[in-house]
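Below is one structure, written out as structure tokens; comments come after it.
There are 2 protein chains.
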Amino acid sequence: MSGISDQRRATIHDVARCAGVSAATVSKVLRGVSSVRAENARRVRDAVDRLGYRMDPLASGLRNEQRRIIGAVVPDLKSPFFGALVTGLESAAEAAGYTMIVASSRESETREADLVARMSDWRVAGTILAPVRSESGLGAQRMRALDMHAVLVDRASANDRFDTVAADNYAASCGVADLLVGDGHRHVLLHGATRISKAVRTRLEGFTARATALDPRVRIDTLLSDDAVDVQRLAISAYFDTPKADARATAVFSLSQHSTLLVLAELRRRAIRVPDEVALVGFDDAEWMQTTWPSITAVAQPVDAIAERAVHVLLARIEGTTGGYPVQHLEPCVLHARQSGGSADEPSRHVGGG
Amino acid sequence: MSGISDQRRATIHDVARCAGVSAATVSKVLRGVSSVRAENARRVRDAVDRLGYRMDPLASGLRNEQRRIIGAVVPDLKSPFFGALVTGLESAAEAAGYTMIVASSRESETREADLVARMSDWRVAGTILAPVRSESGLGAQRMRALDMHAVLVDRASANDRFDTVAADNYAASCGVADLLVGDGHRHVLLHGATRISKAVRTRLEGFTARATALDPRVRIDTLLSDDAVDVQRLAISAYFDTPKADARATAVFSLSQHSTLLVLAELRRRAIRVPDEVALVGFDDAEWMQTTWPSITAVAQPVDAIAERAVHVLLARIEGTTGGYPVQHLEPCVLHARQSGGSADEPSRHVGGG
DNA sequence: GCGAGACGATAAATCGGTTTACAGCGGAAG
DNA sequence: CTTCCGCTGTAAACCGATTTATCGTCTCGC
Chain A
67 MSGISDQRRA TIHDVARCAG VSAATVSKVL RGVSSVRAEN ARRVRDAVDR LGYRMDPLAS
127 GLRNEQRRII GAVVPDLKSP FFGALVTGLE SAAEAAGYTM IVASSRESET READLVARMS
187 DWRVAGTILA PVRSESGLGA QRMRALDMHA VLVDRASAND RFDTVAADNY AASCGVADLL
247 VGDGHRHVLL HGATRISKAV RTRLEGFTAR ATALDPRVRI DTLLSDDAVD VQRLAISAYF
307 DTPKADARAT AVFSLSQHST LLVLAELRRR AIRVPDEVAL VGFDDAEWMQ TTWPSITAVA
367 QPVDAIAERA VHVLLARIEG TTGGYPVQHL EPCVLHARQS GGSADEPSRH VGGG
Chain B
67 MSGISDQRRA TIHDVARCAG VSAATVSKVL RGVSSVRAEN ARRVRDAVDR LGYRMDPLAS
127 GLRNEQRRII GAVVPDLKSP FFGALVTGLE SAAEAAGYTM IVASSRESET READLVARMS
187 DWRVAGTILA PVRSESGLGA QRMRALDMHA VLVDRASAND RFDTVAADNY AASCGVADLL
247 VGDGHRHVLL HGATRISKAV RTRLEGFTAR ATALDPRVRI DTLLSDDAVD VQRLAISAYF
307 DTPKADARAT AVFSLSQHST LLVLAELRRR AIRVPDEVAL VGFDDAEWMQ TTWPSITAVA
367 QPVDAIAERA VHVLLARIEG TTGGYPVQHL EPCVLHARQS GGSADEPSRH VGGG
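These protein sequence lines are chains A and B, in that order. According to my numbering, the first sequence is numbered sequentially starting from 67. According to my numbering, the second sequence is numbered sequentially starting from 67.
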């Protein structure tokens with residue numbers, strides 16, 4: 067409050083006095099507990115309106131062991147993926163009457179562990195953690211030690227202590243294999259430009275397994291690194307430098323958004339026609355991929371579904387309605403077939419799920 | 067807490083008992099107040115370590131009028147700009163010993179006003195609002211009514227009640243005019259694809275004023291709309307359809323990131339060479355703009371500077387070290403001259419500031 | 001008419017800290 | 001020797017809600 071207008075906020079006692087009842091009665095009315103005479107309830111509501119009373123959510127939770135707060139820790143708020151995730155989490159939490167506290171670990175595991183501890187300081191009812199590395203990283207360890215309610219999201223697979231929610235990377239990559247191999251490609255380049263997280267590894271495995279199953283003769287090259295952009299660019303360039311056309315892939319499956327961008331730029335610079343000479347399918351969709359020309363065929367992660375599922379699973383744990391062992395949830399991705407993938411006119415379709 | 071391990075968290079009273087002093091003394095030690103004998107301070111710190119005590123930030127603030135919390139309300143967490151902004155705000159707030167509570171208004175003004183009120187419920191020390199529309203929108207009105215400490219960022223210009231912090235859109239656009247007109251362009255298309263916010267209008271005005279000042283004969287076309295993508299695409303296409311080459315612009319200044327993408331895609335589809343036939347400069351930089359080919363000349367907004375400034379200005383108000391009228395802060399942008407702008411070999415340079 | 005039970009309301013305890021008012025103590029000044 | 005002051009430390013009040021224990025009242029059944 068900025069000094070000038072010096073009227074204190076109304077407290078529950080002010081409301082009680084104004085309505086001629088006790089604070090306990092006001093509390094009951096406000097939280098919808100029965101056992102209040104209709105007449106008194108009305109007077110309380112009148113007083114609330116007249117005084118413009120609003121409950122202090124902090125004081126409200128003070129006496130309870132847990133507060134109606136859900137913590138969220140994500141590695142990076144700049145990325146549209148986590149931005150969308152947080153937005154979804156916020157909606158779902160709000161719908162359930164919880165406030166969200168968001169913090170970014172900025173891809174640092176020690177910071178992640180700190181933030182988890184800070185969430186515990188706030189006596190959050192539960193925490194949703196998108197780990198920097200994996201389900202067994204520092205943050206998850208800390209949560210285990212602090213015996214917190216939590217759900218691991220995105221960069222996490224099955225865990226023996228916490229529920230997990232993630233995109234079905236494996237199935238989605240199988241879907242990409244179906245598309246490319248089904249389209250006649252027998253030589254594919256898998257390109258990964260980010261740190262090799264569990265998610266990226268799973269994508270690689272899914273594609274390889276399915277492609278090999280479809281046709282054992284399929285040839286798969288891989289180009290993985292998390293070097294600087296220039297180095298990676300050179301690597302891609304070198305790959306496509308090969309004189310014999312049959313020595314290089316006819317399709318690229320890029321395993322992350324960043325990777326898609328890099329490959330695309332390099333193909334353009336070399337004036338390789340997409341998809342005629344080389345088809346391109348990317349993991350992780352982005353708005354610009356519909357807008358470029360050619361538009362980019364990509365796997366869209368079900369970020370809203372992940373967010374909603376994560377909150378629901380967490381709330382179930384908090385309320386104790388689920389018991390027993392933790393569950394691994396996989397949400398189906400959607401493959402948006404656009405121009406760069408080759409075979410056009412194919413509708414978007416769901417791939418995988420669990 | 068998940069039930070099994072049933073040891074309550076240590077409270078300040080536990081620490082006091084363990085150290086053989088009173089809770090008040092522990093409180094003093096913890097908050098670095100002097101007037102505690104060195105011997106006692108040591109014993110308190112020992113007890114804190116032994117018990118693993120951590121303060122409850124909620125209970126801590128309960129007695130004070132304000133709590134060490136800063137609220138942030140942004141229109142959209144999915145956008146990298148606001149994601150980066152929030153990350154910066156979080157860092158700065160944390161460095162000052164505050165916790166941040168972030169909420170997304172999802173481009174809705176009524177929701178914005180709701181969130182502001184909710185921040186006030188939390189007794190935040192101050193709020194940083196990136197308004198959906200402008201400095202006179204519903205959120206700012208509510209903050210005024212609630213007499214809150216606040217700073218408006220990004221989509222806001224001078225306000226008679228709150229300090230504001232934003233990128234220096236005007237000066238940056240002047241810089242773009244310098245670049246393009248200086249490069250010989252005498253016919254420029256200004257393209258805006260998003261809702262016409264105050265920021266976009268300012269960019270337009272800055273460019274027009276400077277370009278006209280440099281050479282009164284400069285011709286400026288404008289294409290502004292917030293229609294659906296397809297409609298906009300058609301509009302751009304139509305613009306470049308003109309048969310006479312001298313009837314169309316030789317350079318495009320796109321006023322938002324989305325707009326840059328749209329224009330770029332359309333130029334590509336029509337196989338118009340960038341920058342040879344048409345130069346392109348965009349407002350708002352993105353990672354992909356360095357990676358595409360040609361790379362995109364763009365104005366980078368000083369998001370970290372904005373965040374840091376916003377927090378510092380807010381803290382100054384909270385602590386009452388600034389008085390008098392609110393101040394409008396403009397942070398200088400950086401123009402990254404890359405390939406699409408034409409004249410290469412020019413280093414990035416700061417444009418504007420205040 | 002009386003005890004039991006249901007119902008509504010409230011005073012008081014509680015949560016975990018901070019702040020205030022005051023007390024004890026030792027040294028310096030008068 | 002007394003007084004006064006500054007320095008430490010503590011008990012108690014306080015913040016704004018929830019929850020508990022208690023109490024009065026009314027009704028019902030016997």
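For glycine and all other residues, C-beta sits at the position ideal for the given N, C-alpha and C. This structure is a prediction, so every number in the text was calculated from the model and none was measured.
Neighbour flag for residue i against chain B, beta carbons, 8 Å
i        : result
A:Glu156 : yes
A:Thr358 : yes
A:Gly86  : no
A:Ser10  : The shown model of chain A, from 67 to 420, leaves out residue 10 of chain A, and the question about it has no answer.
A:Ile78  : no
A:Ser145 : yes
A:Val81  : no
A:Val254 : no
A:Ala162 : no
is_contact[residue i, chain A] using C-beta, thresh 8 Å
i        : result
B:Cys240 : no
B:Ser406 : no
B:Arg189 : yes
B:Gly422 : Residue 422 of chain B lies beyond the stretch modelled for chain B, which goes from 67 to 420, so this question has no answer here.
B:His416 : no
B:Ile167 : yes
B:Thr153 : yes
B:Ser68  : Reliability fails at B:Ser68, whose pLDDT of 45 lies under 50, so the model's placement of it is uncertain and no value is given.
B:Ser71  : Residue placement at B:Ser71 cannot be trusted, given a pLDDT of 44 that sits under 50; what the coordinates show is reported in the next sentence. Judged by the 8 Å Cβ criterion, B:Ser71 is in contact with chain A.
B:Phe228 : no
CB of residue i within 8 Å of CB of residue j, strictly
i        : j        : result
A:Val81  : A:Val102 : no
A:Val297 : A:Val318 : no
A:Leu245 : A:Val340 : no
A:Leu255 : A:Ala315 : yes
B:Thr257 : B:Val329 : Note on identity: in this sequence residue 257 of chain B is His, with Thr being the wrong assignment. Yes. Within cutoff.
A:Gly192 : A:Ile136 : yes
B:Gly127 : B:Ala76  : no
B:Ser260 : B:Ser171 : Per the sequence presented here, residue 260 of chain B reads as Thr, with Ser not at that position. Not in contact: B:Thr260 and B:Ser171 (Cβ atoms no closer than 8 Å).
A:Thr268 : A:Tyr236 : yes
A:Pro141 : A:Ala211 : no
B:Ile78  : B:Leu380 : no
B:Arg221 : B:Lys264 : yes
- Residues from the segment 376–403 of chain B in contact with chain A, defined by Cβ distance under 9 Å: So the list reads Arg383 and Gly386, given in the order they occur along the chain.
- Task: Would you list, in sequence order, the uninterrupted alpha helix (DSSP H) runs of no fewer than 4 residues that lie entirely inside the segment 213–292 of chain B?
- Result: Counting whole runs of 4 or more residues, the segment 213–292 of chain B contains the alpha helix (DSSP H) stretches 235–248 and 264–280.
- Item | Residues from the segment 101–127 of chain B in contact with chain A, defined by Cβ distance under 9 Å | Within the segment 101–127 of chain B, the residues whose Cβ lies closer than 9 Å to some Cβ of chain A are Arg120, Met121, Asp122, Pro123, Leu124, Ala125 and Gly127, listed in chain order.
- Message: Does the structure place the segment 358–365 of chain A close enough to the segment 129–145 of chain A that three or more beta carbon pairs sit under 8 Å?
- Response: In this structure the segment 129–145 of chain A does not touch the segment 358–365 of chain A; the number of beta carbon pairs closer than 8 Å is below three.
- Item | Contact list for the segment 327–351 of chain B against chain A, Cβ threshold 7 Å | Residues Leu327, Leu328, Ala331, Arg334 and Arg335.
- Query: Does the segment 231–239 of chain B touch the segment 390–407 of chain B, meaning 3 or more C-beta pairs lie closer than 8 Å?
  - Reply: Touching, per the Cβ criterion.
- For the segment 288–308 of chain A, which residues have a beta carbon sitting closer than 9 Å to at least one beta carbon of chain B? Here the close residues are Val295 and Arg299.
- Taking one C-beta from the segment 177–185 of chain A and one from the segment 150–162 of chain A each time, how about it: are there three or more such pairs within less than 8 Å? With a cut-off of 8 Å, the segment 150–162 of chain A and the segment 177–185 of chain A do not count as touching, because too few Cβ pairs lie within range.
- Item | Start-end ranges of the beta strand (DSSP E) lying completely within the segment 90–126 of chain A, minimum 3 residues | Correct list: empty.
- Item | Inter-stretch contact at 8 Å, needing at least 3 Cβ pairs: the segment 76–90 of chain B / the segment 105–121 of chain B | Touching, yes.
- Kindly provide the ranges of any alpha helix (DSSP H) runs that are 4 or more residues long and lie completely inside the segment 318–361 of chain B, ordered along the chain. Under the rule that a run must span 4 or more residues, the alpha helix (DSSP H) segments found entirely inside the segment 318–361 of chain B read 323–335 and 354–357.
- Message: Threshold first: 4 residues or longer. Then list the alpha helix (DSSP H) segments lying entirely within the segment 361–395 of chain A, N to C.
- Response: If we require 4 residues or more, the alpha helix (DSSP H) runs fully inside the segment 361–395 of chain A come out as 369–384.
- Would the segment 347–359 of chain B and the segment 370–383 of chain A be scored as touching if the rule is three or more Cβ pairs under 8 Å? Output reads no: the segment 370–383 of chain A does not touch the segment 347–359 of chain B.
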